[in-house]
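Residue 64 in the UniProt record's numbering is what sits at position 64 of the sequence shown, and the numbering runs on without skipping anything.
From the three backbone atoms N, C-alpha and C, an ideal C-beta is built for every residue, glycine too.
Since this is a predicted model, take the numbers as computed values, not measurements.
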Amino acid sequence: MTTVLIVDDEPQILRALQINLHAHGYTVVPAANGTTALAAAQTHAIDVVVLDLGLPDMDGLDVISGLRGWSEVPIIVLSARHGSHDKVEALDAGADDYVTKPFGLDELLARLRAAARRGGSQASQPLVTTPEFTVDLANKQVSRHGEAVRLTPTEWNVLELLVRNPGRLVSQAQILSEVWGPAYAKETHYLRVYMAQLRRKLEVDPANPVHLLTEAGMGYRFAL
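This is how it looks when you write it as structure tokens:
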């Protein structure tokens, strides 16, 4: 049975979708705001997310970003925002589909079936824990021995890319292209600076790292 996380702050829509999707064989997990949605995604095996962008506590784009930090679950945006700019923003942020309100149930069901075929459940766990530090991919936070570690946006982007590929060699060019852009693919000194900063903040002995490893001349590897 496919499990759908529905995120919408309009009680009528939330209730109507719960009833109709349940009648069509879906398991529904409801959430009235972004915070509840992100928490639910971590505690349930979600197959598809149906997400409104206008939430009371955060923008729906932030929910997409939070999910994409650790999960490849299909996301269907269901929003009253009709502008092409809004659609492009949502798709660029990581949404898979976009349906505007008002909508037809048959169309939504068809898009749900398509999304469920394309995707699966969550791709990984939102928390990655080492003996020294924990990386919360959903909330984009790092803690060390229970204390929050302040990272710059660039430091976070480098760390996230490595943590999402545990044990795999991530090339210098890939990190530079994804974090700084394709024009920086050969600027390897950028990486040396930021990796040194990350090791100072996260490793017990930055000069002899055990988690943020260098593969000389090739790239970097994250080891648990």
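Quick check: the Cα distance between residue i and residue j, rounded to an integer number of angstroms?
{"i": "L169", "j": "Q42", "result": "27 Å"}
{"i": "A196", "j": "L159", "result": "12 Å"}
{"i": "T214", "j": "Y190", "result": "14 Å"}
{"i": "M218", "j": "E187", "result": "13 Å"}
{"i": "A23", "j": "L202", "result": "49 Å"}
{"i": "T2", "j": "A116", "result": "8 Å"}
{"i": "V4", "j": "L91", "result": "19 Å"}
{"i": "V193", "j": "T154", "result": "11 Å"}
Ordered along the chain, which non-local residues of its own chain (more than five positions away) have a Cβ less than 7 Å from that of residue i?
{"i": "G204", "result": "A quick correction: the sequence has Val, not Gly, at residue 204. Contacts found: E132."}
Just to confirm my understanding: we take residue i, look at its own chain, exclude 5 residues before and 5 after, and list those with CB closer than 8 Å. What are they?
{"i": "A95", "result": "L51, I64, I75, I76 and V77"}
{"i": "Q18", "result": "I6, V28 and P30"}
{"i": "H82", "result": "T100"}
How would you call residue i, buried or exposed, if buried means at least 16 neighbouring beta carbons within 10 angstroms?
{"i": "A123", "result": "Only weak support exists for where A123 lies, its pLDDT of 44 falling under 50; the value from the coordinates is given anyway. Its Cβ having fewer than 16 others within 10 Å, A123 is exposed."}
{"i": "V210", "result": "exposed"}
{"i": "I175", "result": "buried"}
{"i": "R111", "result": "buried"}
{"i": "residue 230", "result": "Residue 230 lies beyond the range of the chain shown here (1 to 224); nothing can be said about it."}
{"i": "G66", "result": "buried"}
{"i": "L224", "result": "exposed"}
Leaving out the 5 sequence neighbours to the left and right, which residues in its chain are closer than 6 Å to residue i when beta-carbon positions are compared?
{"i": "G120", "result": "Note that G120 has pLDDT 48, beneath the 50 cutoff, so the model's placement of it is unreliable and no number is given."}
{"i": "R200", "result": "P206"}
{"i": "L55", "result": "D9, N33 and G34"}
{"i": "R15", "result": "none"}
{"i": "K87", "result": "Y98"}
In the DSSP assignment, what residue or residues form a beta bridge with residue i?
{"i": "T134", "result": "T129 and S143"}
{"i": "P30", "result": "I6"}
{"i": "E215", "result": "G219"}
{"i": "G83", "result": "Its beta-bridge partners do not exist; DSSP assigns none."}
{"i": "L51", "result": "V7 and V77"}
{"i": "D97", "result": "I76"}
So residue i is in the beta strand (DSSP E); what residue range does that whole segment cover?
{"i": "S171", "result": "L169 to S171"}
{"i": "L151", "result": "Element bounds for L151: n/a, residue is neither H nor E."}
Got a sec, what are the start and stop residues for the alpha helix (DSSP H) residue i sits in?
{"i": "D62", "result": "G60 to R68"}
{"i": "V193", "result": "T188 to L202"}
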